[in-house]
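Student:
Residue numbers (the numbering used here): 1224 to 1518.
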């Protein structure tokens, strides 16, 4: 797709989602391996993800960012969005992820500094499996949790800044400044992710469990784990009958939920150990009639 078409599509999605915190719309913006000159402004209910095995397989020459312009710099309700599995190279050496809760920043290699606010108050947030070459500036963030990452430095604090297994994190000094830093994470498994193999086929990579881990899962070595062909998944849409989904799960299939709202009138039944249920674009399970969503 030509660069101008990519940018036009990105801009159209953001224009629809910038203020849409009560919308039913869901979006997944997926970049195949390659290099893209783009400005990716991430609004509500939008996931941006690279489709490589490593973050550096997809490089964005530009910004991948969340702003609070629509609320005059206040990011207190900048929820429900996420970015993952990308390398980002902003020309000005800085990017912004001004969010609060439910807005993860995962598996990103940012070649620059990162600001976590937009001037007004913000109340996040979560970062994991990331490498930030520059300094993270927390600004107005009231609290933040960073796990299994590598940062060039950290500046700022308010209520509670928590680090676990983070290279470059400040030392524990709670309550003044309110930093708590654990040297490692006892047991962790990173989130599975969709990727395109070198032969062009689609698969879901399931990272292995790591113990007593520090730093990212991918900086020093290829990440351990297994790749499951997409042919072993049921690819569901919001209008896929629950009986169809449950039949596939009972037969041992994994489940990929495309963006949308799934109205659950009977629970999804997962009986096989190791079943992967992966949602794209903040796919939402809405339990109705008193039903559980998943059993």
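Glycine is no exception: its CB is placed at the ideal position from the N, C-alpha and C atoms.
I want to know whether the region 1424 to 1431 touches the region 1377 to 1385 - three or more CB-CB distances under 8 Å.
Tutor: Judged by Cβ distances under 8 Å, the region 1424 to 1431 makes no contact with the region 1377 to 1385, as fewer than three pairs qualify.
Student: Considering residue 1469, what are the terminal residues of the beta strand (DSSP E) in which it resides?
Tutor: Premise fails: residue 1469 lies in the alpha helix (DSSP H), 1465 to 1473, not in any beta strand (DSSP E).
Student: Does residue 1453 come out as helix, strand or coil in the three-state DSSP assignment?
Tutor: Residue 1453: helix per DSSP, three-state reduction.
Student: Quick check on DSSP: helix, strand or coil for residue 1239?
Tutor: It is helical.
Student: Leaving out five residues on either side along the sequence, give the residues of the same chain with a beta carbon under 6 Å from the beta carbon of residue 1507.
Tutor: Result list for residue 1507: 1484, in chain order.
Student: Decide if residue 1231 is buried, meaning its Cβ has at least 16 other Cβ atoms within 10 Å, or exposed.
Tutor: Flag for residue 1231 reads exposed.
Student: Would you check whether the ligand COA has a heavy atom nearer than 8 Å to the C-beta of residue 1496?
Tutor: The model depicted lacks the ligand COA and carries no ligand whatsoever.
Student: Quick one: grab the DSSP three-state call for residue 1230.
Tutor: In the structure shown, residue 1230 sits in a helix (DSSP, three-state: H, G or I).
Student: To test your reading of the DSSP string, which unbroken beta strand (DSSP E) runs of 3 or more residues are found completely within the region 1373 to 1421?
Tutor: Taking only runs of at least 3 residues, the beta strand (DSSP E) segments lying wholly in the region 1373 to 1421 are 1373 to 1378, 1383 to 1387, 1402 to 1405, 1408 to 1411 and 1416 to 1419.
Student: If you pair each beta-carbon of the region 1260 to 1268 with each one of the region 1289 to 1303, do three or more pairs fall below 8 Å?
Tutor: Output reads yes: the region 1289 to 1303 touches the region 1260 to 1268.
Student: Hey, is the region 1274 to 1283 in contact with the region 1233 to 1249, meaning 3+ C-beta pairs nearer than 8 Å?
Tutor: With the cut-off at 8 Å, the region 1274 to 1283 and the region 1233 to 1249 do not touch.
Student: What are the residues that DSSP puts in a beta bridge with residue 1273?
Tutor: Answer is 1254.
Student: Just reading off the beta strand (DSSP E) that residue 1367 is part of, what are its end residues?
Tutor: Segment 1366 to 1370, the beta strand (DSSP E) holding residue 1367.
Student: Can you look up residue 1278 in the DSSP assignment and give me helix, strand or coil?
Tutor: Reduced to three states, the DSSP call for residue 1278 is helix.
Student: Keeping to the same chain, check which residues put their C-beta closer than 6 Å to that of residue 1352; ignore five residues upstream and five downstream.
Tutor: Around residue 1352: 1329, 1330, 1371, 1413, 1439 and 1440.
Student: Can you give me the Cβ contacts of residue 1418 inside the same chain, cut-off strictly under 7 Å, excluding the 5 residues immediately before and after it?
Tutor: Cβ neighbours of residue 1418 beyond the five flanking positions: 1274, 1275, 1276, 1426 and 1428.
Student: So the beta strand (DSSP E) residue 1350 belongs to, where does it begin and stop?
Tutor: Taken as a continuous stretch (DSSP letters only), the beta strand (DSSP E) holding residue 1350 covers 1349 to 1351.
Student: Hey, how far is the Cα of residue 1460 from the Cα of residue 1480?
Tutor: Taking the straight line from one Cα to the other gives about 6 Å.
Student: Cα separation between residue 1303 and residue 1363?
Tutor: For residue 1303 and residue 1363, the distance between alpha carbons rounds to 19 Å.
Student: Would you call the CB atoms of residue 1472 and residue 1457 closer than 9 Å?
Tutor: It is a contact, given that the beta carbons lie within the stated cut-off.
Student: Once you ignore the five residues that flank residue 1397 on each side, which residues in its own chain have a CB closer than 7 Å to its CB?
Tutor: Closer than 7 Å at Cβ, skipping near neighbours: 1403.
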